[in-house]
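All residue numbers for the sequence shown refer to this note's numbering, where the first residue is 1 and numbers rise by one. Worksheet: the structure to be examined is printed underneath.
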Amino acid sequence: MDAPIPRLSLQGISKTFPGVKALDDVSFDVRPGTVHALCGENGAGKSTLMKCINGLYSPDAGRIHVNGEPSKIRNPIEARDHGIAMIAQELNYVPDMTIAESFFMGRLPTKLGRIDWRFIRKEAARILTQEGLRYSVRRKLGTLTVSEIQMLEILRSVYHSADVLIMDEPTSAIAHKEVESLFAKIRALRESGKSIIYISHKMDEVFTLADDITVLRDGAVVSSQSADAITSAQVIAQMVGRDLNHQAYPKERIEIGETVFRATGLSRAEQFEDISLEIGKGEIVGLAGLIGAGRSEVVQSVFGLDHLDAGEIEIEGKPVTLSNPRRAIAAGVAMLSEDRRLTGIIPKLSIRRNATLASLRKVIHRGRTHGLKERKLVATYFDRMKVKAPSQDTLIENLSGGNQQKVLLARWLIADPKVMLLDEPTRGIDVGAKYEIYGLMSQLAKQGRGILMISSELPELIGMCDRIYVMSAGRITAELTPDQFSQETILKYAMDEAEVA
């Protein structure tokens, strides 16, 4: 029996950017009715390859066949016409656009020559109701969290039923209960004959869903085969080019010092209420909760991005007023935001300028930047963070998501903070880079810094934290010590609005 014609066939795809060969003769097939996992470290070329398929980039060489036919895809509209849809890892959205408008962006239905807004709102409401989401279709995207926007992106792509659906780290910003819903959708799509290219650094997801696995390293295909023919350990070894013979979470036992950060009774209308927590020197404290629990809103208010209606904050026992990020930085507080594109990187600036942005006093003398001092300062962290880039002068927008995250961490390390607020610090980062960041967190703790980490990955919180606070509906419902750590316990309190006595 002849093998079915591949739904998508890549043949010799190559792409070069200034100083970087991002893709080198990449070839593999995606079979109809399968989930094809694409694995590789940040900078391996995964996102670049997907952008070539989706028409955002034009490959320098190679051919793309869709259903056996050669296809020239020059933009996302042409990709859509070929039955290809892509959910990007870095969300690009219009904050003032409504949910209803976003579902039909680029394909607004008309009636008698006019946009049929009645149908748009009615159909958007039906989709939301079907998914059990209680949003108004008139609600603007800018009022939603990263997690909520990503879920809507997934729903929109599924609704328009592409034959090839590209998912780039789709679970990186959604909570546990939404992951199972997503997996059910993926399985249903596969059963209906659709093909899914699934990019993930999470090996449990890959081996739960994938029929086939392709591994990229340094822009080239290392292997492409059935998921049954390879193990998780082999995939990781092929991704990083070496065996990772170490524990998943390199948490070190560190003697916790006196309290470096204390928050008492923090409240902000309609977001969170009476939040009290503390962090000791050398302590890594987790903040767990489901989407909408108010975790990100708490750290944003602590950092001065949003105002507090009530509450007090102390740094090393001294009351402080952190009414804006400048005051927070001056007081020794740093924050790594959940959405690195919206509130993290400055895309059109170089790696070097992004890295020193929070520490300009260290490199500016008499109104001018001391270039040599700035380069030496950044070089230390450039090497320490293992940033993959041609030079410090490379625009940060040209880096992979994981390398952008490393630069943002370097920015705050240069600022030498006492307290670090890390909101999803490993979101969209590969296994090798995750381990490096975990190790860095342990080093920072050994230096006596206090760390508050938000994460939607419960094993990560359990593996790295000394204590975990759990939030639900804007309130802290539990404070857990290591002997109480378990995914079941955390989820129980995350779904319970009542405080624990």
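Glycine included, each C-beta is placed from N, C-alpha and C at the ideal position.
By a C-beta neighbour count over all protein chains shown, 10 Å radius and 16 as the cutoff for buried, is residue i buried or exposed?
i: K406; result: buried
i: T394; result: buried
i: P6; result: buried
i: G12; result: exposed
i: S232; result: exposed
i: G219; result: buried
i: A433; result: buried
i: G402; result: buried
i: R353; result: buried
i: D416; result: exposed
i: K348; result: exposed
i: E499; result: The predicted position of E499 is uncertain, since its pLDDT is 40 and thus under 50; a value taken from the coordinates is nonetheless stated next. By the 10 Å Cβ count, E499 comes out exposed.
i: C37; result: Contrary to the premise, residue 37 reads as Ala rather than Cys in this sequence. By the 10 Å Cβ count, A37 comes out buried.
i: L112; result: exposed
i: P170; result: buried
i: D423; result: buried
i: H365; result: exposed
i: K122; result: exposed
From what residue to what residue does the alpha helix (DSSP H) around residue i run?
i: F103; result: I99 to F103
i: D81; result: P76 to D81
i: R475; result: From DSSP, R475 is part of no alpha helix (DSSP H) but of the beta strand (DSSP E) over R475 to L480.
i: G439; result: V431 to K446
i: Q487; result: Q487 to A494
i: S223; result: S223 -> not in any alpha helix (DSSP H); beta strand (DSSP E) instead, spanning A220 to S226.
i: R411; result: G401 to A415
i: A85; result: It is not in any alpha helix (DSSP H) - A85 instead sits in the beta strand (DSSP E) that spans I84 to I87.
i: R326; result: P325 to A330
i: I351; result: I351 to A355
i: G286; result: Not the alpha helix (DSSP H): G286 falls in the beta strand (DSSP E), residues I284 to A288.
i: V302; result: R295 to V302
i: A233; result: S232 to V240
Sorted by chain position, which residues of the same chain lie with C-beta nearer than 6 Å to residue i's C-beta, five sequence neighbours on each side aside?
i: F485; result: I462
i: G344; result: S337 and L408
i: E497; result: Annotation note: pLDDT 41 at E497 (below 50); position unreliable, no value reported.
i: A501; result: Residue placement at A501 cannot be trusted, given a pLDDT of 33 that sits under 50; what the coordinates show is reported in the next sentence. So the list is empty, once near-sequence residues are dropped.
i: L480; result: I468
i: M203; result: S232
Checking the sheet assignment: what are the DSSP bridge partners for residue i?
i: G50; result: Sequence inspection shows Met at residue 50; the Gly mentioned does not correspond to that position. M50 pairs with nothing; no bridge assigned.
i: T110; result: I115
i: S472; result: R475
i: L23; result: K15
i: T369; result: I364
i: T214; result: L38 and S224
i: A248; result: Per DSSP, none; premise fails for A248.
Leaving aside the five residues before and after residue i along the sequence, list all residues of the same chain whose C-beta is less than 8 Å from its C-beta, in chain order.
i: R74; result: G55 and S58
i: P325; result: F303, G304, L305 and M335
i: I323; result: Note that residue 323 is Ser in the sequence shown here, rather than Ile. Only G304 and H307 meet the Cβ criterion.
i: D339; result: L91 and V146
i: A162; result: R80, G83, I84, A85 and K194
i: I502; result: Summary: the structure shown does not reach residue 502, with the chain confined to residues 1 through 501, and so no result is reported for it.
i: E191; result: G33
i: D168; result: K46, S47, M50, M86, I87, A88, Q89 and I199
i: G265; result: D274, I275, S276, A310, G311 and E312
Rounded to whole angstroms, how far is the Cβ of residue i from the Cβ of residue j, which I believe are closer than 8 Å?
i: A293; j: M471; result: 4 Å
i: I351; j: V387; result: 7 Å
i: F515; j: L421; result: Residue 515 lies beyond the stretch modelled for the chain, which goes from 1 to 501, so this question has no answer here.
i: I315; j: F261; result: 6 Å
i: T431; j: I236; result: According to the sequence as given, residue 431 is Val; it is not Thr. Sure, about 6 Å apart at Cβ, within 8 Å.
i: S505; j: N42; result: For the chain, the structure presents residues 1 to 501; residue 505 sits outside this window and is missing.
i: I313; j: G280; result: Going by Cβ atoms, the distance from I313 to G280 rounds to 15 Å, so no, they are not a contact pair.
i: K140; j: M97; result: 7 Å
i: L452; j: V215; result: Wrong, their Cβ atoms sit about 35 Å apart, outside the cutoff.
i: K185; j: V158; result: 6 Å
i: I490; j: H201; result: Wrong, their Cβ atoms sit about 22 Å apart, outside the cutoff.
i: V35; j: A210; result: 5 Å
How is the beta strand (DSSP E) around residue i delimited, first residue to last?
i: T16; result: L8 to F17
i: K318; result: K318 to V320
i: R268; result: T259 to R268
i: S195; result: S195 to I199
i: I543; result: Outside the modelled stretch of the chain, which goes from 1 to 501, sits residue 543, for which no answer is possible.
i: V387; result: It is not in any beta strand (DSSP E) - V387 carries neither H nor E in the DSSP assignment.
i: L452; result: G450 to I454
i: I256; result: First-last for I256: undefined, no H or E at that position.
i: V314; result: The residue asked about is misnamed: residue 314 is Glu in this sequence, not Val. Run containing E314: A310 to I315, per the beta strand (DSSP E) assignment.
Ignore the nearest five residues each way along the sequence and tell me which others in residue i's own chain have a CB closer than 7 Å to its CB.
i: H135; result: Residue 135 is actually Tyr in this sequence, not His. Cβ neighbours of Y135 beyond the five flanking positions: I99 and L128.
i: Q300; result: D306
i: E436; result: K386
i: A22; result: K15, T16, G45, T48 and G219
i: L155; result: I127 and E131
Under 7 Å: does the beta carbon of residue i sit that close to some heavy atom of the ligand HEM?
i: G106; result: The ligand HEM is not among the ligands present in this structure, which contains no ligands whatsoever.
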